[in-house]
Amino acid sequence: MGSEVAARPFWPALSEPERRALGGLAERGTFEAGNVLCREGDPAVRVIVVLAGWTKVSLGAAGRERIIALRGPGDLVGERAALRVRSRSATVVALDTVEALIVPAVDFAGFLDGHERVYELLEKELYGRLTEERYGETAPEERIAGHLAGLVLPRGHRLTLPVTCQDIADFTDVPRADVEQIMDAWERTGLVRRTPYSLTVLDAHALQGGTTPPARYGWRGQNCSIMFTDVARFSDPSRDDRDRLLVRQVLYEVLRQAFEDAGLDWDAVYREDRGDGTLMVVPPSVPTSSLVEPLIPHIAAGVDRHNRGAAEGVRVQLRVALDVGPVVPDGNGVSGEALIRTARLLDAPAFKKELEATGADLGFIASRFVYDSAVRHSADPRPYREVEVQVKETETTAWMYFAHGARALHLRGDAVRPSPGSAAGTGTGTVFAGPVDVAGDLVLGDKIQYGQ
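Every letter in the sequence shown is one number past the one before it in my numbering, and letter 235, counting from 1, is 235.
Written as structure tokens, this is what we have:
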């Protein structure tokens with residue numbers, strides 16, 4: 001049912017000398033059920049190692065809690081505090097009595113500097129969290145099984161979790177009624193045992209299967225929306241490995257949150273990690289227009305939120321490319337000419353040069369097909385500018401768009417395209433390109449005069 005699981009949690013993966021060294025920097029703390037270990041938006045000043053008990057990691061959105069992870073014995077919580085992050089990205093709450101080591105963030109960063117092997121372990125753990133299987137378009141039973149196996153198997157094959165059916169429903173995005181039906185069936189077959197406030201997995205190996213992720217998706221050979229992302233200057237010498245770890249984590253968090261905010265199912269998206277970016281295949285059931293508007297503005301806003309509180313070495317400038325075409329999954333991933341074409345858009349020299357020149361948070365490049373079929377009908381096309389793409393064997397035209405936060409940048413030249421009925425449409429008037437500031441009766445900004 002599930003897939004391969006991660007290696008041992010952080011704490012048991014350390015050697016005895018490493019545990020002594022880290023323990024010497026820490027204070028022990030106890031958190032009762034319901035206690036908050038850290039809160040979304042609070043200053044990130046400490047790192048927590050869970051020694052016993054379980055916690056839930058959640059985000060607050062639109063007045064509701066969304067559980068994004070469960071962390072238990074041996075897990076590291078709040079490691080972003082050691083990676084130049086100034087505020088918490090999520091809230092962590094104890095599900096039962098939690099015993100933990102609490103390490104000041106600056107001390108944990110120093111510990112990593114002096115223990116290269118531990119830093120490598122942390123890097124692998126963060127990579128696993130970034131790329132963990134989300135069981136997108138799978139049956140609810142397989143989705144729940146995969147998540148539970150991922151929690152239990154690194155710690156054995158049998159484990160009691162202090163979770164309710166509602167917790168599992170929130171964590172797996174499966175309706176509670178379906179969760180209860182699945183648990184009833186599993187209990188009858190001896191896979192689990194339940195109380196009102198706990199779930200004991202009796203045989204995690206029976207929940208684990210070997211389905212290759214792409215094979216689960218039902219869009220073989222169909223026209224899918226293809227989106228590539230890439231962090232500009234990811235390998236720049238001004239960044240160190242710790243910076244790059246954080247930037248990768250931020251990238252996935254921004255994308256996940258943007259999909260949620262846009263009302264799109266993140267778990268339905270097939271994803272491949274590309275080191276400094278991602279490949280995402282969105283199923284045909286999702287209109288491409290929804291990836292233009294509202295998704296792109298939500299991604300830009302997420303990058304802006306991060307950058308406003310980030311140190312220079314971990315600021316993010318993101319490139320995004322979008323096209324549509326047939327995609328074929330196999331046992332090793334996905335293939336198709338449309339994937340190559342979309343990757344070429346992302347690497348267009350003029351697009352990369354313009355992003356650097358504008359200093360925008362986000363640069364978005366859409367194929368001509370996406371522009372004609374989606375941008376012109378679902379978004380304001382005026383901030384877009386046509387661009388020639390010549391990369392390797394690919395020669396085509398596309399349309400690019402840049403944004404600071406949720407604010408689109410109007411580029412010079414072809415970027416300004418007056419809408420019907422505007423002043424420019426009558427042959428006279430002024431259209432502004434770029435930032436516009438109003439001070440008294442003086443307007444500051446680049447402008448193009450029509451009919452003068």
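Backbone N, C-alpha and C define an ideal beta-carbon position, used for all residues, glycine too.
Inter-residue Cα distance where the pair is Val254 and Gln181: The straight-line gap from Cα to Cα measures roughly 34 Å.
Identify whether Gly218 lies in helix, strand or coil by the three-state DSSP scheme. In this structure, Gly218 counts as coil in the three-state DSSP scheme.
Own chain, CB closer than 7 Å to Ser225, minus 5 neighbours either side, in chain order: So the list reads Val282, Val286, Thr288, Leu291, Leu322 and Val324, once near-sequence residues are dropped.
What does DSSP give as the partner residues of Thr195 in its beta bridges? Ser198, per the DSSP bridge assignment.
Do three or more CB pairs link the segment 152 to 164 to the segment 187 to 202 at distances below 8 Å? Contact between the segment 152 to 164 and the segment 187 to 202 is present, because at least three Cβ pairs lie under 8 Å.
Length of the line joining the Cα atoms of Val57 and Tyr252: Approximately 16 Å, taken between the alpha carbons.
Are the CB atoms of Val152 and Ile168 within a distance shorter than 7 Å? Here Ile168 is not near Val152, since their CB atoms are 7 Å or more apart.
Taking Cβ positions, are Phe171 and Ala94 nearer each other than 7 Å? Not in contact: Phe171 and Ala94 (Cβ atoms no closer than 7 Å).
What are the partner residues of Lys56, as DSSP defines its beta bridges? DSSP output for Lys56 lists Leu70 and Val93 as bridge partner(s).
In this structure, how does DSSP classify Pro297 when only helix, strand and coil are distinguished? In this structure, DSSP gives Pro297 a helical state, which the three-state scheme calls helix.
Quick one: any contact between the segment 396 to 406 and the segment 363 to 382, if contact means 3 or more CB pairs under 8 Å? Contact holds: three or more Cβ-Cβ distances are below 8 Å.
Could you say if the segment 267 to 281 and the segment 218 to 234 meet the contact criterion of at least three C-beta pairs nearer than 8 Å? Touching, yes.
What's the call for Ser238, buried or exposed, on a 16-neighbour Cβ count within 10 Å? In the assembly as shown, Ser238 is an exposed residue. Its beta-carbon has fewer than 16 other beta-carbons within 10 Å.
In the structure shown, what three-state DSSP assignment does Leu264 receive? Leu264 falls in the coil class under three-state DSSP.
Measure the C-alpha to C-alpha separation of Ala90 and Arg308 and round it to an integer number of angstroms. Rounded to whole angstroms, Ala90 and Arg308 show a C-alpha spacing of 17 Å.
So, with DSSP's three-state summary, where would you put Gln181? Here Gln181 sits in helix by DSSP.
Measure the beta-carbon distance from Leu346 to Gln317 and round it to whole angstroms, keeping in mind my assumption that it falls under 8 Å. Leu346 to Gln317, Cβ: 13 Å. No contact.
At the level of alpha carbons, what is the spacing between Phe108 and Ala310? In a straight line, the C-alpha of Phe108 is about 19 Å away from that of Ala310.
Pull up the distance between the alpha-carbon of Arg39 and that of Arg88, whole angstroms please. Going by the C-alpha atoms only, they are around 7 Å apart.
Three-state secondary structure (DSSP) at Pro349? The answer is helix: DSSP assigns Pro349 an H, G or I state.
Residue of Asn35, Ala21, Gly150 and Val118 minimising C-alpha distance to Leu70: Looking at the Cα atoms, Gly150 is the closest of the given residues.
For the beta strand (DSSP E) that Val292 lies in, which residues bound it at each end? Judged by DSSP secondary structure, Val292 falls outside any beta strand (DSSP E); it is assigned neither H nor E.
Would you call the CB atoms of Gly313 and Ala258 closer than 7 Å? Their beta carbons are not under 7 Å apart, which means Gly313 does not touch Ala258 by this criterion.
Ranges of the beta strand (DSSP E) found wholly within the segment 342 to 402, counting only runs of at least 3: Within the segment 342 to 402, complete beta strand (DSSP E) segments of at least 3 residues are found at 362 to 367 and 385 to 391, given in chain order.
Is the beta carbon of Arg220 sitting closer than 7 Å to the one on Val328? Between Arg220 and Val328, the C-beta gap is smaller than 7 Å, which places the two residues in contact.
Can you look up Pro162 in the DSSP assignment and give me helix, strand or coil? Residue state, collapsed to three classes: coil.
Going by DSSP, what residues sit across from Ser225 in a beta bridge? According to DSSP, Ser225 shares a beta bridge with Val282 and Val324.
Give the DSSP bridge partners of Ala100, in chain order. Gly29 and Val50, per the DSSP bridge assignment.
Whole angstroms are fine: how far does the CA of Ile365 sit from the CA of Arg385? Cα to Cα, Arg385 sits roughly 9 Å from Ile365.
Residues near Thr342 by beta carbon distance below 6 Å, same chain, minus five either side: The answer, listed in chain order, is Ile226, Phe228, Ala321 and Asp323.
Residues in the same chain with beta-carbon distance under 6 Å from Gly363, minus the five sequence neighbours each way, listed in chain order, please. Arg319, Leu355 and Phe402.
Should Gln249 be labelled buried (16 or more other beta-carbon atoms within 10 Å of its own) or exposed? By the 16-neighbour rule on beta-carbons within 10 angstroms, Gln249 is buried.
Check the C-beta distance from Ala300 over to Asp361 and give it rounded, since I have them as a contact under 8 Å. Contact holds; Cβ gap of about 6 Å.
Helix or strand or just coil, what does DSSP make of Glu40? Of the three classes helix, strand and coil, the one that applies to Glu40 here is coil, per DSSP.
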